[in-house]
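Heads up: the sequence shown begins at 3 in the working numbering, then just goes up one per residue.
The beta-carbon is built from N, C-alpha and C at its ideal position, and this holds for glycine as well.
Bear in mind that the values here come from a model prediction, so they are computed numbers and not experimental data.
These notes are about the structure you will find just below.
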Amino acid sequence: METLDLKIAAATAGILDGFEPQSWLALDDPRGHRVLVSDGERSVVAVLVPSAGAEGADEEEYAAALLRGLLPGTSVTFPQILGRLAVPAEQFDSRGEEIRVCAPLPGTPASTVAFADSPALVTALAEFLAELHNADPGDIADSGLAVLDSAEERQRLLDALDAGAATGQVPSVLLSRWETALENVATWRFFPCAVHGGLSEDALRTEGGRIAAVTDLGRLHIGDPATDLAAVTALLHPDAVEEFFAVYRVHRAGPDPGLRTRVELRSELTALDWLLEARRGGDDGEIADAVALLASLAELTDAPAEGHPGPYGGTGPEDAQGAAPAAPPGEQSAEAITEPGAAAEQPADATGPEPKPVPGPEPLSGTGADTGADPAATTSPPAPRRTAVRAGDVFRPTAPVTHDIDVESASAVPTERITGPEDR
Numbered sequence: 003m004e005t006l007d008l009k010i011a012a013a014t015a016g017i018l019d020g021f022e023p024q025s026w027l028a029l030d031d032p033r034g035h036r037v038l039v040s041d042g043e044r045s046v047v048a049v050l051v052p053s054a055g056a057e058g059a060d061e062e063e064y065a066a067a068l069l070r071g072l073l074p075g076t077s078v079t080f081p082q083i084l085g086r087l088a089v090p091a092e093q094f095d096s097r098g099e100e101i102r103v104c105a106p107l108p109g110t111p112a113s114t115v116a117f118a119d120s121p122a123l124v125t126a127l128a129e130f131l132a133e134l135h136n137a138d139p140g141d142i143a144d145s146g147l148a149v150l151d152s153a154e155e156r157q158r159l160l161d162a163l164d165a166g167a168a169t170g171q172v173p174s175v176l177l178s179r180w181e182t183a184l185e186n187v188a189t190w191r192f193f194p195c196a197v198h199g200g201l202s203e204d205a206l207r208t209e210g211g212r213i214a215a216v217t218d219l220g221r222l223h224i225g226d227p228a229t230d231l232a233a234v235t236a237l238l239h240p241d242a243v244e245e246f247f248a249v250y251r252v253h254r255a256g257p258d259p260g261l262r263t264r265v266e267l268r269s270e271l272t273a274l275d276w277l278l279e280a281r282r283g284g285d286d287g288e289i290a291d292a293v294a295l296l297a298s299l300a301e302l303t304d305a306p307a308e309g310h311p312g313p314y315g316g317t318g319p320e321d322a323q324g325a326a327p328a329a330p331p332g333e334q335s336a337e338a339i340t341e342p343g344a345a346a347e348q349p350a351d352a353t354g355p356e357p358k359p360v361p362g363p364e365p366l367s368g369t370g371a372d373t374g375a376d377p378a379a380t381t382s383p384p385a386p387r388r389t390a391v392r393a394g395d396v397f398r399p400t401a402p403v404t405h406d407i408d409v410e411s412a413s414a415v416p417t418e419r420i421t422g423p424e425d426r
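Here it is, written out as structure tokens:
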């Protein structure tokens, strides 16, 4: 292993002009071989990229370059590749390997402890996400990255419910409540925006009281901002969540009255995501744990709902002031993405029982479809509804679902009509 790291370090001399490596240090990284190399004046990180990981590395490089152009004034650093070199198979005892030399990222990996100890970090995280979500969506859409409008985001989650119902292991009370939230038009009226799509502790680096760097950019796309918020609020202590959203609302352009409900819905759906992933992997222990979590969640559904009025589903005087519609940056592109030509009906309030917070599982891989029901499952009969399935998204638990929607604010947000039978 030391010989391989030395070869990686030596290769940097042929990748960067004028760089003569003098010292190196192997980095402990589960993603693969990474070596910190110095020539006495500057340091770089040399990464051995296997052929199987080249596509993901290319996607992150492309997304990072795009974000540097979209957010020229940001204080956050994104990964940057300085050079690359394909290496011969006989030298590294493998095929299709490539060495990429990257600029070192500032800061240290984020942790829940860091956010609990530093309110400034919570504020910085909210400010960065508002900055990202305010970026012109048209530029990202024109770049060829994925674009998901509100109807498509909603349908992906409905498909996940179908996959869960097919297992027979999801309590019917959960399926019913989740479907009710998904079919509430007011909740799904929002401007699609730039979304990181893979936020976690591993994707964030902190320094002092600021977000120093953001990585894992390969899933950057246009979609629902609630995807990012559901992921990052899982990093926060419950007492810090309201402060996070208060800061986010101040910096975010345009109203989104269903945001908090979507965030909480996606958080709860993490339990379903866990079950489907465990079934795909055939892990009986993980399946049992996921089923137990779903059962616990179902037992808490009699808790009263707590409303989140206002243009961002939040509380406070700033919400009343911000209830009037405001177009976010890149409004033309956002409208083109959402295709708001059809008039939307006046939505009904989505009220209902709310569970208490439930400790969630560890970070999960994306939800995917299960191919069929488990004949031995007896927790709940499968619901005889849709038969579609979906590919995965990553959600992490944060808080209970189902809150009242500010209908007046929701009606001001243009989007497509999604109440027809073809959307069910």
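- Just to confirm, are serine 77 and arginine 254 a CB contact at a threshold of 9 Å? no
- Per-residue burial, serine 53 [other beta carbons within 10 Å of its own, 16 or more giving buried]: exposed
- Message: Spatial neighbours of leucine 134 within its chain, please: C-beta separation below 6 Å, excluding the five flanking residues on both sides.
- Response: Ala196
- Specify the secondary structure class of threonine 198 as computed by DSSP and reduced to three states. At residue 198 the sequence reads histidine, which differs from the threonine that was named. The answer is coil: DSSP assigns histidine 198 none of H, G, I, E or B.
- Message: Quick check: what's the CA-CA separation for glutamine 24 versus aspartate 144?
- Response: 43 Å
- Item | Straight-line Cα distance separating alanine 297 from isoleucine 289 | 12 Å
- Task: Give every residue of the same chain whose Cβ lies closer than 7 Å to the Cβ of aspartate 31, excluding the five residues on either side of it in the sequence, and list them in chain order.
- Result: none
- Contact set for alanine 118: own chain, Cβ-Cβ below 7 Å, skip 5 residues either direction: His239
- Own chain partners of alanine 126 with C-beta closer than 6 Å, once the 5 adjacent residues on each side are dropped: Arg212, Ile213
- Straight-line Cα distance separating glycine 210 from alanine 233: 22 Å
- Item | Buried or exposed by the 16-neighbour rule on C-beta atoms within 10 Å, applied to leucine 72 | buried
- Coarse secondary structure for glycine 71, derived from DSSP in three states: helix
- Query: Is the Cβ-Cβ distance between leucine 69 and leucine 219 less than 9 Å?
  - Reply: yes
- Between the beta-carbon of leucine 38 and the beta-carbon of leucine 50, is there less than 9 Å? no
- Message: Starting from arginine 268, trace the alpha helix (DSSP H) in both directions and tell me its first and last residue.
- Response: 261-283
- Message: Using 8 Å for Cβ pairs, my map puts valine 103 next to valine 46. What's the rounded Cβ distance?
- Response: 5 Å
- Are the Cβ atoms of threonine 189 and threonine 263 separated by less than 9 Å? yes
- Message: Report the start-end ranges of each alpha helix (DSSP H) in the stretch 132-168 that is 4 residues or longer and not cut off at the edges.
- Response: 139-144
- The alpha helix (DSSP H) enclosing glycine 287, as first and last residue numbers: 286-301
- Going by DSSP, what residues sit across from glycine 170 in a beta bridge? Bridge partners of glycine 170: none, in fact.
- Message: Please state whether the Cβ-Cβ distance between threonine 235 and glycine 199 is less than 9 Å.
- Response: no
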